[in-house]
Amino acid sequence: MGVNDGTVIGSELVLDHGSPIDRWNLTLVSDGYTEEELPNFRLHALEFITLLLATPPFAGPSAAINVYRLDVASAQSGADDPAPCGTGATADTFFDATFCGNGVDRRVLFVDDTLTLNTVYAELPWSHVILVIVNSTIPGGTKRGVITTSIHPKGLATGLHELGHALGLADEYDYSSTCAESGRDFHPAVEPAAANVTIDTSTLKWGHLVDPSTPIPTSTSSDCSVCEPPGLSPTPPGTVGAYTGGDHYHCGVFRPEYECKMRQFGEPFCAVCQERIDAVLFPFYP
Numbered sequence: 507m508g509v510n511d512g513t514v515i516g517s518e519l520v521l522d523h524g525s526p527i528d529r530w531n532l533t534l535v536s537d538g539y540t541e542e543e544l545p546n547f548r549l550h551a552l553e554f555i556t557l558l559l560a561t562p563p564f565a566g567p568s569a570a571i572n573v574y575r576l577d578v579a580s581a582q583s584g585a586d587d588p589a590p591c592g593t594g595a596t597a598d599t600f601f602d603a604t605f606c607g608n609g610v611d612r613r614v615l616f617v618d619d620t621l622t623l624n625t626v627y628a629e630l631p632w633s634h635v636i637l638v639i640v641n642s643t644i645p646g647g648t649k650r651g652v653i654t655t656s657i658h659p660k661g662l663a664t665g666l667h668e669l670g671h672a673l674g675l676a677d678e679y680d681y682s683s684t685c686a687e688s689g690r691d692f693h694p695a696v697e698p699a700a701a702n703v704t705i706d707t708s709t710l711k712w713g714h715l716v717d718p719s720t721p722i723p724t725s726t727s728s729d730c731s732v733c734e735p736p737g738l739s740p741t742p743p744g745t746v747g748a749y750t751g752g753d754h755y756h757c758g759v760f761r762p763e764y765e766c767k768m769r770q771f772g773e774p775f776c777a778v779c780q781e782r783i784d785a786v787l788f789p790f791y792p
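If you're matching positions, the sequence shown starts at 507 in the numbering used here and goes up one per residue.
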């Protein structure tokens, strides 16, 4: 599976805000679409762009963003869905899209990162971030060298979450694969590099966004051996504080708001995540 399983058709600038030298360039790439199915990919790419520009904070600095589309036809439609996570089905695709990429979680959707990067940079060398849209309705996506997302009804929101990783944001949920796994009780005593999680509540990275009346920490856990039950926010939505759990651990780490797209894909980005995204895009604003 790979370059013998398809063809690079060509590229198009679909959101044009100026020279690629001056803008932040996102490239959307197809995998698992046959040549006859590429019109569907073009529609899916437009759907993602529409969602992106409707999601704060991207609507504000949208003039900083160019979006390119790279049409790549695969020999077969879909993606590999290996057992034991999936059905065992296979598909010969250009970038070898594969669910169950970590051998445990079906939603972890990998492609051949090296082949993807080389293919995109050969056509669009100014790409800052690459998102591969995979022609499968199985829910999934991930961020490694490139971002992936499927076309599951919730897939585009998954793509935005994974884009957050590319912009320097960490997961804010308190597990790695599932809540049933062990070894996720306490975060290692090393400060995460990401802008939206911390082990240090005394000098919060986002302290300038916290109202003086908000207690720090804002939430704690009574049982660090289990995931936090949903829907138990101690504060109104949008309250910035220091909430226990995040970065794949139950305790010993804190996130800025109770809910955020980096925790629940259907939520908006929290204020801290929006600030980080704005900071990345600001140098590219005209």
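Ideal Cβ placement from N, Cα and C applies to all residues, glycine included. Model, not experiment: these values are computed from the prediction.
Item: I need the straight-line Cα distance from leucine 534 to glycine 647, nearest angstrom please.; Value: 14 Å
Item: List the whole-angstrom C-beta distance separating glycine 665 from leucine 637, where the pair is believed to meet the contact cut-off of C-beta under 8 Å.; Value: 6 Å
Item: Are at least three pairs of beta-carbons, each pair with one atom in the stretch 734 to 754 and one in the stretch 664 to 681, less than 8 Å apart?; Value: yes
Item: Between the C-alpha atoms of leucine 662 and alanine 565, what's the straight-line distance to the nearest angstrom?; Value: 16 Å
Item: Exposed or buried, what is histidine 714 when buried is set at 16 or more other beta-carbons lying within 10 Å of its beta-carbon?; Value: exposed
Item: Tell me which residues share the same chain as proline 562 and place their Cβ nearer than 8 Å to its Cβ, disregarding the 5 neighbours each side in the sequence.; Value: Pro774, Phe775 and Gln780
Item: Are the stretch 611 to 629 and the stretch 518 to 529 in contact at 8 Å, needing three or more beta carbon pairs?; Value: no
Item: Hey, out of Thr513, Val573, Gly594 and Thr604, whose CA is closest to serine 544's CA?; Value: Residue identity differs from the one stated: residue 544 is leucine in this sequence, not serine. The shortest Cα separation from leucine 544 among Thr513, Val573, Gly594 and Thr604 belongs to Thr513.
Item: Compute the Euclidean distance between the alpha carbons of glutamate 763 and threonine 745, then round it to the nearest angstrom.; Value: 6 Å
Item: For alanine 699, is the classification buried or exposed, using 16 other Cβ atoms within 10 angstroms of its Cβ as the cut-off for buried?; Value: exposed
Item: For glutamate 542, count neighbouring C-beta atoms within 10 Å of its own C-beta (all shown protein chains included) and say buried if the count is 16 or more, exposed if not.; Value: exposed
Item: Cβ of leucine 621 within 9 Å of Cβ of phenylalanine 605?; Value: no
Item: Measuring CB atoms only, is the stretch 609 to 617 touching the stretch 638 to 657, in the sense that at least three cross pairs come out at less than 8 Å?; Value: yes
Item: In the DSSP output, which residue or residues are listed as bridge partners for lysine 649?; Value: Ile653
Item: Mind listing, in chain order, the continuous beta strand (DSSP E) runs of no fewer than 3 residues lying wholly within the stretch 736 to 782?; Value: 749 to 752 and 755 to 761
Item: Roughly how many angstroms separate the alpha carbons of cysteine 591 and alanine 597, rounded to a whole number?; Value: 16 Å
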